[in-house]
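Enquirer:
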Amino acid sequence: MTMTEERPVLVATEADDITADMVITELNRRDVPVLRFNPADIGENLTVSARFGTCPAPLVGQVRTPSRTADVTRVRSVYWRRPEWPTFPHLSADDSRFAAAQVRYGLGGTLYALDGTLWVNHPLHVAAADYKPAQLVLAQQLGFTIPPTLVTNDPDEAREFVHGQGQAIFKTLRWTPYTRDGVPVTGWAAPVTPDEIDDSVRVAPHLFQARVDKVADVRVLLVGRHTFAVRIDSDLLDWRKDYSALAYTMEHLPDRLGQALRAYLNRLDLVSGSFDLAVDRAGDYWWLELNPNGQWGWLETETGLPMSSAFADLLAQGDRR
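Everything in the sequence shown is counted per this note's numbering, starting at 4 for the first residue and increasing by one.
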């Protein structure tokens with residue numbers, strides 16, 4: 004199918020992504036053309052061709068998959084969901100690094116050159132927003148209450164901080180793929196005591212944080228003009244460890260809090276984001292973190308909130324200008 008007359012939405016994501024499927028289904032209901040691709044499929048299953056310096060348009064070209072072709076000058080929006088970049092395992096180490104860089108800066112650079120196209124969200128803005136220390140500073144600047152936090156690779160300072168908090172936790176600064184004996188493992192937020200901290204902390208910065216005496220968590224999804232807030236009740240420090248132990252209810256956020264969350268996204272030039280907050284025994288909200296490309300599909304399934312419809316509305320509208 005050629006999409007030269009209609010303005011398509013590009014959806015960049017991995018092969019199996021139920022969340023992207025939900026949004027594409029909503030776009031199909033609106034008769035909005037969609038080209039779905041994964042950068043890892045570059046080659047026979049994905050082709051990019053772009054020309055620059057042609058008059059009058061500074062950029063002309065196409066993105067093609069075996070079933071669809073999109074004119075890059077007519078793309079209305081890009082849903083940059085969870086794409087995978089190619090690793091070229093069949094090439095030598097040097098050749099694979101070289102080829103992977105060409106894909107990132109060739110395919111990625113062509114897409115970044117799209118003028119006026121709405122991104123949800125632009126990967127360069129997502130990358131800038133993904134640093135937890137910077138998130139904490141911005142949160143405090145915008146009036147959120149944040150738990151006392153230490154980032155350090157000094158074990159003595161870490162022990163002193165943890166001792167001073169009474170109860171403290173350790174969190175990873177960035178999720179990364181990790182296996183132990185060939186089995187994938189995830190770094191959960193976990194309690195930590197001073198005597199657990201040893202000299203291995205010196206290897207890299209660690210994030211230690213005072214434990215919030217919470218009664219519930221709140222996941223807030225902002226997408227375009229829509230705000231979806233869901234209270235998550237459980238007895239877990241990190242609710243992601245056991246989804247079967249969770250109970251969900253809609254949460255009505257104070258206007259001031261909702262406005263601050265939207266201001267947070269605006270400061271980072273994002274149009275969507277998933278915020279994690281904690282509610283303490285006094286009913287006050289604590290800032291925990293922002294995931295600029297967080298999961299939300301299971302929340303729509305559990306609550307019936309029209310999250311995928313909100314994404315489809317935003318992508319169908321297109322045109323950041």
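Backbone N, C-alpha and C define an ideal beta-carbon position, used for all residues, glycine too. The structure displayed is predicted, hence computed values, not measured ones.
If we call anything under 8 Å between Cβ atoms a contact, is V26 one with A315?
Expert: For V26 and A315, yes; Cβs fall inside 8 Å.
Enquirer: Judging by CA-CA distance, which residue of W83, R100, R85 and R84 is the nearest neighbour of F2?
Expert: The requested residue 2 does not occur in the structure, where the chain is confined to residues 4 to 324.
Enquirer: Short check: CB of V78 to CB of P11, under 8 Å?
Expert: Yes, the pair counts as a contact, with Cβ atoms nearer than the cut-off.
Enquirer: Short check: CB of Y251 to CB of T306, under 8 Å?
Expert: Yes, the Cβ-Cβ distance between Y251 and T306 is below 8 Å.
Enquirer: Out of curiosity, what's the CA-to-CA distance linking P309 and G167?
Expert: Using only the alpha carbons, I get a separation of about 44 Å.
Enquirer: Strictly by DSSP, which residues pair up with P293?
Expert: The sequence shown places Leu at residue 293, rather than the Pro named in the question. BP columns for L293 point to F278.
Enquirer: Threshold first: 4 residues or longer. Then list the alpha helix (DSSP H) segments lying entirely within the segment 141 to 200, N to C.
Expert: Listed in chain order, the complete alpha helix (DSSP H) runs (minimum 4 residues) inside the segment 141 to 200 are 158 to 168.
Enquirer: With H, G and I counted as helix, E and B as strand and the rest as coil, what does DSSP make of I45?
Expert: If DSSP states are grouped into helix, strand and coil, I45 belongs with coil.
Enquirer: Given that a residue counts as buried once 16 or more other Cβ atoms are within 10 Å of its Cβ, and exposed if not, what is A193?
Expert: Flag for A193 reads exposed.
Enquirer: Hey, quick one: how far does the alpha helix (DSSP H) through L256 stretch, first residue to last?
Expert: First-last for L256: undefined, no H or E at that position.
Enquirer: Among V204, T76, V14 and Y82, which residue has its Cα nearest to the Cα of S2?
Expert: Absent from the structure is residue 2, since the part of the chain shown begins at 4 and ends at 324.
Enquirer: Pick from R67, Q262 and R214: whose alpha carbon is nearest that of T152?
Expert: Among R67, Q262 and R214, the Cα nearest to that of T152 is on R214.
Enquirer: Alpha carbon to alpha carbon, how far is A43 from D98? Give it in angstroms, no decimals.
Expert: Spanning the two alpha carbons is a distance of roughly 16 Å.
Enquirer: Could you pull out every unbroken beta strand (DSSP E) segment of at least 3 residues lying fully inside the segment 49 to 137, listed in chain order?
Expert: Whole beta strand (DSSP E) segments, 3+ residues: 50 to 55, 62 to 67, 72 to 74, 80 to 83 and 121 to 123.
Enquirer: So, under 8 Å CB-CB, D133 and P295 are touching, yes? Tell me the CB distance rounded to an integer number of Å.
Expert: Confirmed, Cβ separation roughly 6 Å.
Enquirer: Between G119, L260, V188 and A130, which lies nearest to T148 when the distance is taken from Cα to Cα?
Expert: The shortest C-alpha separation from T148 is found at L260.
Enquirer: In terms of residues, what are the limits of the alpha helix (DSSP H) holding V26?
Expert: V26 -> alpha helix (DSSP H) spans I21 to R32.
Enquirer: Tell me Q212's beta-bridge partners as DSSP assigns them.
Expert: Paired residue(s): T152 and I172.
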